[in-house]
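S.K.: Numbering (the numbering used here), first residue to last: 643 to 775.
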């Protein structure tokens, strides 16, 4: 099984990034399409980036300003059950490192390269949003 891994340095404090990842209004400001639900343990967040495509993630754990763990419960292909983790860490240069891991992919899944590209784009939008604030 493969785990997609992405990382990006952002010129913003961890608290700002955590807020952008866990507050529904903030997420709607930088995410494409519709954002609905809740980002609290046991609750489901639904993302509809474009008509006919949606993803749903159940929040498993929140560690203030540090970590967000979710399980994908709906999405294209065989995506249900995959774990999504956002990890935030301070860097010595004053930036915050955002690491994203999306796991349990089969090498033969046709959505693997598309999803891999999509996560890079998601992190770029997050970075652009918090750095303009």
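Here a beta-carbon is modelled for each residue, glycine too, at the ideal position from N, C-alpha and C.
(1) Among residues of its own chain, excluding the 5 on either side of residue 767, which ones have a beta-carbon nearer than 6 Å to its beta-carbon?
(2) Measuring CB to CB, does residue 702 end up less than 7 Å from residue 715?
(3) Among the candidates 757, 729, 686, whose CA atom is the shortest distance from the CA of residue 649?
(4) With a CB to CB cut of under 6 Å and the five nearest residues on each side skipped, what residues in its chain are close to residue 731?
(5) Taking the alpha-carbon positions, what's the residue 670 to residue 713 distance?
(6) With distances taken between CB atoms, is the gap from residue 727 to residue 708 smaller than 7 Å?
(7) Taking the straight line between their C-alpha atoms, what separation do you get for residue 770 and residue 662?
(8) Rounded to the nearest angstrom, what separates residue 686 and residue 704 at their Cα positions?
M.R.: So, to answer that:
(1) 672
(2) Taking 7 Å as the Cβ cut-off, residue 702 and residue 715 do not qualify as a contacting pair.
(3) The shortest Cα separation from residue 649 among 757, 729, 686 belongs to 729.
(4) The residues are 739.
(5) 20 Å
(6) Contact: no.
(7) 11 Å
(8) 13 Å
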